[in-house]
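The next block holds one structure in the form of structure tokens; read it before the comments.
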Amino acid sequence: MKREFIKSILNGPVEEREVRVAGWVRTRRDSKGGFSFIELNDGSCFASLQIIADATLANYESEISRLFPGSSIVVTGKVVASQGGGQSVEVQAVSVKVLGFCEPTDYPLQKQRVSFERLREVAHLRARTNTFGAVTRVRHALAMATHKFFDDLGFYYINTPIITASDCEGAGEMFQVTTLELGKKPDYEKDFFRQKTGLTVSGQLAAECFACSLGNVYTFGPTFRAENSNTRRHLAEFWMVEPEMAFADLADDADMAEDYLRYLFNYVLENCMEDLEFFNKRIDTTLLASLRKLAGSEFKRITYTEAIAILEQATVSFEYPVKWGADLQSEHERYLTEVKFECPVTVTDYPKGIKSFYMRLNEDDKTVAAMDVLLPHVGEIIGGSQREERLDVLSARIEEAGLSCDDYWWYRDLRKFGSVPHAGFGLGFERIVQFCTGMQNIRDVIAFPRTPGNAEF
RNA sequence: UCCGGCGUAGCUCAAUGGUAGAGUAGGUGACUGUUAAUCACUUGGUUGUUGGUUCGAGCCCAACCGCCGGAGCCA
4 MKREFIKSIL
14 NGPVEEREVR
24 VAGWVRTRRD
34 SKGGFSFIEL
44 NDGSCFASLQ
54 IIADATLANY
64 ESEISRLFPG
74 SSIVVTGKVV
84 ASQGGGQSVE
94 VQAVSVKVLG
104 FCEPTDYPLQ
114 KQRVSFERLR
124 EVAHLRARTN
134 TFGAVTRVRH
144 ALAMATHKFF
154 DDLGFYYINT
164 PIITASDCEG
174 AGEMFQVTTL
184 ELGKKPDYEK
194 DFFRQKTGLT
204 VSGQLAAECF
214 ACSLGNVYTF
224 GPTFRAENSN
234 TRRHLAEFWM
244 VEPEMAFADL
254 ADDADMAEDY
264 LRYLFNYVLE
274 NCMEDLEFFN
284 KRIDTTLLAS
294 LRKLAGSEFK
304 RITYTEAIAI
314 LEQATVSFEY
324 PVKWGADLQS
334 EHERYLTEVK
344 FECPVTVTDY
354 PKGIKSFYMR
364 LNEDDKTVAA
374 MDVLLPHVGE
384 IIGGSQREER
394 LDVLSARIEE
404 AGLSCDDYWW
414 YRDLRKFGSV
424 PHAGFGLGFE
434 RIVQFCTGMQ
444 NIRDVIAFPR
454 TPGNAEF
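Below is the structure:
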């Protein structure tokens, strides 16, 4: 008999039929009435399936009575209507085959709550918990939604290099990739790639090459930052979604960013309700309400200059001074999204001095066509811009930034040969998973988090 | 990296400078279509590490290690 997912049994009709299921025991409750209740979870959905294991089963005393949380079993039996109140169907076992026992004295997971901090120390097992199962399913849904959204709009999914010699300036410190011996003065001529290389901090420059040929493209891959950031919003290895559109300006970019975010919120509401209800109950009681609100609402869009004016008029006092030319601080972003507008805010046209060289210089010669999408409680979820398509302006900006035009020869070639206006953005995937689950710490929305001092597992 | 907090039983947490406690998990027994099952009894400790103050340190001091929160950097 073919194994069936618990999800299909729980969602299927209540009718007597033979099934075969396999999974891991969540709990076992014995009844001296002559049977045991086994909660079985196979990851196919949030809920577990109740198995009724009768004491008349041949291995009841020898094996079933030794089934503790974490044990793996295969059950064949009959789907029947449940006599109990907690579930509509259950499986009356005909046989329970034990694949692997799990000793409770050694097993780090408990039936009771285990802290997320503790679970990070046993990250190889934490996927077996309710929370991480739910996070994993929502994360998967968001990834699928991303591909579906861009595919529907005619974007091509491209894969840009992980190892690269180009430092996407302003993005952060790079991890070095080398085969040279440690401790010696490096001679990069003798290194594997005959030049200094590192792990990518952004696929943007490569994506631009393809956008300037195929029109609309996006990357969705791992990104690495060797910053010593210790916050609940940063990882050294994270996943980034980076769309890039030809023949598009900043307004097109901001429109697409908002459409994409709304699409994601609607997608998880339509596909992950069981998991979202768990998060709403146990992690963040405002989650469902805010997802529903955002899924249908317009975002507020203001320029940086307008944002500064609003902040200057604010009655609250800020730790950092509000001054045109200085970057917005976390407290300023929070004021805009959580106090002033109480919704996502897209801020555009930042001063050129605080943004990267590749962002298109505006007519005022003081600002660039940049945008950040700010979410309440999460902060910056998206950073993007219209790219500078004028070769002379780009070259001047590279020099201004203290960089070498030679190093960016191929990037500048895009402007030399058939240059077109184009724009794009980067979205931190874990941050959107955080937002859609209500999880406080970004380390708990990725399988095996990499942070300063931590790369176990 | 900076600021602040925390580190005690397998886990979650208590404990005026004066005998180390509870819940939960585990064990034994009772009871039961249970569902965080319930009830009784019970096992379980180098109080993060090192040094210091004190008659006496889980508690006070110092350094270090680890974790958490905030800030910075960013997505």
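Under the numbering used here, residues 4 to 460 are what the first sequence spells out, in order. For glycine and all other residues, C-beta sits at the position ideal for the given N, C-alpha and C.
Collapsed DSSP secondary structure at residue i in the structure displayed
i: residue 17; result: coil
i: residue 258; result: helix
i: residue 140; result: helix
i: residue 235; result: coil
i: residue 426; result: strand
i: residue 81; result: strand
i: residue 356; result: helix
i: residue 369; result: coil
i: residue 221; result: strand
i: residue 177; result: coil
i: residue 153; result: helix
i: residue 444; result: coil
i: residue 38; result: strand
i: residue 327; result: coil
i: residue 90; result: coil
i: residue 207; result: helix
i: residue 245; result: strand
i: residue 75; result: strand
i: residue 44; result: strand
i: residue 286; result: coil
i: residue 301; result: coil
i: residue 340; result: helix
i: residue 98; result: strand
Distance between beta carbons of residue j and residue i, contact taken as under 8 Å
i: residue 257; j: residue 351; result: 7 Å
i: residue 3; j: residue 152; result: Outside the shown range of the chain, which is 4 to 460, sits residue 3, and nothing can be said about it.
i: residue 72; j: residue 112; result: 7 Å
i: residue 125; j: residue 430; result: In fact, because the Cβ distance is near 30 Å, the residues do not count as touching under 8 Å.
i: residue 253; j: residue 374; result: 6 Å
i: residue 330; j: residue 305; result: Actually they are not in contact, since the Cβ atoms of residue 330 and residue 305 sit about 16 Å apart, beyond 8 Å.
i: residue 349; j: residue 261; result: 7 Å
Beta-carbon gap between residue i and residue j smaller than 8 Å
i: residue 338; j: residue 317; result: yes
i: residue 204; j: residue 175; result: yes
i: residue 82; j: residue 29; result: no
i: residue 137; j: residue 344; result: no
i: residue 417; j: residue 391; result: no
i: residue 249; j: residue 218; result: yes
i: residue 246; j: residue 221; result: yes
i: residue 229; j: residue 177; result: yes
i: residue 78; j: residue 85; result: no
i: residue 436; j: residue 129; result: no
i: residue 25; j: residue 56; result: no
i: residue 202; j: residue 241; result: no
i: residue 458; j: residue 275; result: no
i: residue 62; j: residue 99; result: yes
i: residue 382; j: residue 333; result: yes
i: residue 10; j: residue 47; result: yes
i: residue 123; j: residue 70; result: no
i: residue 438; j: residue 384; result: yes
i: residue 45; j: residue 8; result: yes
Among the options, the one whose alpha carbon lies nearest that of residue i
i: residue 76; options: 305, 93, 147 and 41; result: 41
i: residue 209; options: 108, 169, 138 and 383; result: 169
i: residue 68; options: 438, 35 and 94; result: 35
i: residue 311; options: 296, 336 and 294; result: 336
i: residue 267; options: 251, 60, 247 and 296; result: 296
i: residue 441; options: 63, 290 and 147; result: 290
i: residue 59; options: 47, 37 and 184; result: 37
i: residue 163; options: 195, 212 and 141; result: 212
i: residue 362; options: 396, 330 and 183; result: 396
i: residue 447; options: 236, 415, 185 and 95; result: 236
i: residue 234; options: 419, 181, 323 and 434; result: 434
i: residue 140; options: 254, 450 and 454; result: 450
i: residue 355; options: 370, 349 and 341; result: 370
i: residue 1; options: 110, 340, 315 and 189; result: Examination of residue 1 is not possible in this model, given that the chain is present from 4 through 460 alone.
i: residue 131; options: 147, 300, 146 and 114; result: 114
i: residue 87; options: 102, 53 and 409; result: 53
i: residue 109; options: 74, 196, 190 and 327; result: 74
i: residue 180; options: 200, 300, 398 and 150; result: 200
i: residue 308; options: 279, 301, 265 and 353; result: 353
i: residue 277; options: 368, 15 and 49; result: 49
Residue i: CB within 7 Å of a non-hydrogen atom of the ligand NAP
i: residue 352; result: Among the components modelled here there is no ligand, and therefore nothing to report on the ligand NAP.
Tell me whether the region 402 to 413 and the region 367 to 378 touch, counting them as touching only if at least three CB pairs, one residue from each stretch, are closer than 8 Å. no
The region 419 to 431 contacting the region 382 to 390, beta-carbon criterion three pairs below 8 Å: yes
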